[in-house]
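Presented below is the structure to which this report refers.
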Amino acid sequence: MLRRAFLAGLTVFPLAGCDPKTADKVAAGVDFAAAMLDITKRHGGRIGVSAIDAGSGGRLSVSSQERFGMMSVFKWILAAAVLARVDKGELKLDQVVRFGRKDLVGWSPVTEKKVKDGKITVGELCAATVSKSDNAAANLLLPLVGGPEGLTKWIRSLGDGVTRVDRKEPEMNNVAEGDPRDTTTPEAMTQLLQIVFTGAALEAASIKQLREWMVATSTGDKRIRAGVPSGWTVADKTGTANGAVNDVAVIWPKSEMTEGPIFLSIFTVGGTLEPEAKEQVVADIARLVCDVFA
C-alpha cells in the first residue's frame, strides 16, 4: 500500500515520444519513488515532498497535499510580503522600527545584539528573519504586513488557498496533528516559491533581494544544500521545532537561469531519528530530486 501511494503521488516527465532521454527520466522517477519509500521507513515519521523543475516542467511529489507545520519556513514568505509593500511604496527597507527587551523571544541572535540601540531597520529585520531565522525579528515584521491575518491575506492574493499563518513566534511552532493553524502543504509551498520567484508577486529588484537573503541562510547547510551538486546555488529557508525538520528552496543549476530553477519543498515530522539524522534525510531527498532533474 505504501509503495502504491508513493507511485500514485509521483509525477515525472511526460512520456510523449518515448525517446531514450524521456525513458531515462521515467526510470529515474521510479527509482525516486523506491528510494523515498526506503527513506520514509528509515525516518519513521511523515515526509512530504514537492518539486518542480521550471526548465522542463517535470514534477515530483510524495504526500504533497498533506498538511505540515511550517515552523520557521514561513519567514521567507513574511520577508516577501514586506518586499511587496516596499514595491508599492508602503514601506522602505531603511525605515526604522523601535523595539525593546520585552520584544525578545527565544532564538533572536540578531535582535538581542541590537536591543541596546532600541531600533533596527526593516531591511535588517528581514535579513535577520530569513538568514538567521531570528524570531523576534519576525514578530517585529508581522505588524508591518497586517499581522498573521494580513500575511495570510497576501498569500491568498497570490492564489494560494492552503498556506496559512495564524500566530507569531514561538507559539506558531506548536502544531498538533490535525491542527490546521500555521500549516501548509508541500505542493502549495512549492507553487508559492515558483509564483514569487518568477515575478508574479514582486518587482525584479525585490526578487533579487529576497534571493540574497535566502542564499545567505545559515541554518540549512546540512539539509537541502548538503544534497545539491557542487557549484549549484541554493536559496532556502529552514523550519525546526517539536520534531519537525523542514527546508524549502529555490535551486539554480550551474547553468544558472538558462533552463530555469528547481523549486523544492521538503517537510518532515515525527520519527525516531536524532535531529542530525533527520537533517540527513532532507539532504538525501534533495540529492534524489537533483538526480532526477539533472
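Take 3 as the starting number for the sequence shown in the working numbering and just add one per residue.
C-beta: ideal position from N, C-alpha, C; glycine also.
In this text, all values refer to a predicted model and were calculated from it rather than measured experimentally.
Under three-state DSSP, which class holds residue 66?
-> coil
Check: Once you ignore the five residues that flank residue 96 on each side, which residues in its own chain have a CB closer than 6 Å to its CB?
Finding: 123
Using the Cβ count rule (16 or more neighbours within 10 Å means buried), how would you classify residue 103? Counting C-beta atoms within 10 angstroms of its own C-beta, residue 103 has fewer than 16 neighbours from the protein chains shown and is therefore classed as exposed.
### Query
Roughly how many angstroms separate the alpha carbons of residue 203 and residue 163, rounded to a whole number?
15 Å
Assign residue 161 to one of two classes, buried (16 or more other C-beta atoms within 10 Å of its C-beta) or exposed (fewer than that).
Label assigned to residue 161: exposed.
Three-way DSSP call (helix, strand, coil) for residue 195 in this model: DSSP places residue 195 in helix when its eight states are reduced to three.
Query raised in the report: So which of 62, 128, 136, 267 has the shortest CA-CA distance to residue 147?
Result: 128
_Meets three-Cβ-pair contact criterion under 8 Å: the stretch 211-220 and the stretch 57-77_ = no
Take the Cβ of residue 170 as the centre, count every other Cβ of all protein chains shown within 10 Å, and call the residue buried at 16 or more, exposed below.
By the neighbour-count criterion, in which 16 or more other beta carbons inside 10 Å mark a residue as buried, residue 170 falls on the buried side.
message = On the DSSP letters alone, give me the boundaries of the beta strand (DSSP E) that residue 102 sits inside.
response = Taken as a continuous stretch (DSSP letters only), residue 102 belongs to no beta strand (DSSP E), as it is neither H nor E.
May I have the straight-line CA-CA distance separating residue 201 from residue 207, to the nearest angstrom? 10 Å
Taking the continuous beta strand (DSSP E) assigned at residue 267, which residues delimit it? Under the DSSP assignment, residue 267 falls in the beta strand (DSSP E) whose first and last residues are 264-272.
* Extent of the continuous alpha helix (DSSP H) to which residue 284 belongs -> 277-295
Residue 143 versus residue 238: straight-line alpha-carbon distance, rounded
19 Å
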